[in-house]
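Going by our numbering, the sequence shown opens with residue 5, and the numbers climb by one from there. The structure under discussion appears below in the form of structure tokens.
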Amino acid sequence: AMANACNLIKKFTRFSGETFALLIAILFLQQAITGLVEEFQVDSASSSFLSTVNGIFGLLLAFVYVWASHTLSSARSWRFGLSFIRAILADYGFAIMIVALSAVSFALKTDDPAVPQRM
């Protein structure tokens, strides 16, 4: 009690939580980069041109996600729109973009077996 050791536990607990969050973020980034690289791989059923187009489309979706999520995260400081809508966009912009871009990706599917598909 005299050394006030309880305050040290607070600092170590926060450090452990931040370190674990960093580890999870690095794992997610590694999986995302692996997935983007796999978009360019050619299987035997599809042509290399279609695989390249599919990979470029995947990169485009990734860059649009990063840009739009970053833009939406600053929605609280916008001067237009209702404040509660700006707050929702700022808080949930990342999830909104995941849903929207996933919908774009799956809406552009085709039944042609020569075109590589994600799922």
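Glycine included, each C-beta is placed from N, C-alpha and C at the ideal position.
Let me check you understand the geometry: is the CB of Ala72 closer than 7 Å to at least one non-hydrogen atom of the ligand PLP? No copy of the ligand PLP appears in this structure; indeed no ligand is present at all.
Can you name, in chain order, every residue of its own chain whose Cβ lies under 6 Å from the Cβ of Leu105, other than the five neighbours on each side? Counted from its first residue, the sequence shown places residue 105 at position 101. These residues qualify, in order along the chain: Leu65 and Tyr69.
Consult DSSP for Leu86 and reduce its assignment to one of helix, strand or coil. Stepping through the sequence shown from its first residue, residue 86 is reached at position 82. The answer is coil: DSSP assigns Leu86 none of H, G, I, E or B.
How many angstroms separate the CA atom of Phe32 from the CA atom of Gly97? Reading the sequence shown from its first residue, position 28 is the one you call residue 32. Reading the sequence shown from its first residue, position 93 is the one you call residue 97. Straight-line Cα distance between these residues: approximately 18 Å.
As a quick exercise: from Val108, Phe16, Leu26 and Phe61, pick the residue whose alpha carbon is nearest that of Glu43. Translated into positions along the sequence shown, residue 43 becomes position 39. Cα-wise, what sits closest to Glu43 is Phe61.
Quick one: grab the DSSP three-state call for Thr75. The residue you call residue 75 lines up with position 71 of the sequence shown. Three-state result, Thr75: helix.
Closest Cα partner of Leu112 within the set Ser77, Gly85 and Val57: Start at 1 with the first residue of the sequence shown, and residue 112 comes out as number 108. The shortest C-alpha separation from Leu112 is found at Val57.
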